[in-house]
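Each number in my numbering corresponds to the 1-based position in the sequence shown with 231 added. From the three backbone atoms N, C-alpha and C, an ideal C-beta is built for every residue, glycine too. This report concerns only the one structure given below.
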Amino acid sequence: MPTAIWYCENIGNSTLPYVLLTLPLAGAYLYGQKKQRLAWILIGAWVVLEIAMTTTTSIYCVG
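Pasting the structure below:
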């Protein structure tokens, strides 16, 4: 599974999951600025990405 190895090395075990934490933080900021629609879009996008990355990482990158 070369794709799984590439994913684990470049995405799953990198700083990308931590960088993606800026999405809900930006969403919280925008929510406070009364831009609820954009805020929920950012938070929803983060949830989808986080679930996909966590699931993929737990399947392929264990061990």
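Exposed or buried, residue i, counting other C-beta atoms within 10 Å across all chains shown (16 or more means buried)?
i, result
"G243", "buried"
"G258", "buried"
"L273", "buried"
Name the two residues that bound the continuous alpha helix (DSSP H) containing residue i.
i, result
"T246", "Careful: T246 lies outside any alpha helix (DSSP H) and carries neither H nor E."
"L252", "No alpha helix (DSSP H) contains L252, which DSSP labels as neither H nor E."
"Q267", "267–291"
With residue i and residue j assumed to form a contact (beta carbons below 8 Å), what rounded beta-carbon distance in angstroms separates them?
i, j, result
"L254", "A276", "6 Å"
Given 7 Å as the limit, tell me if residue i has its C-beta closer than that to any heavy atom belonging to the ligand MG.
i, result
"N244", "The ligand MG is not part of the structure shown, which contains no ligands of any sort."
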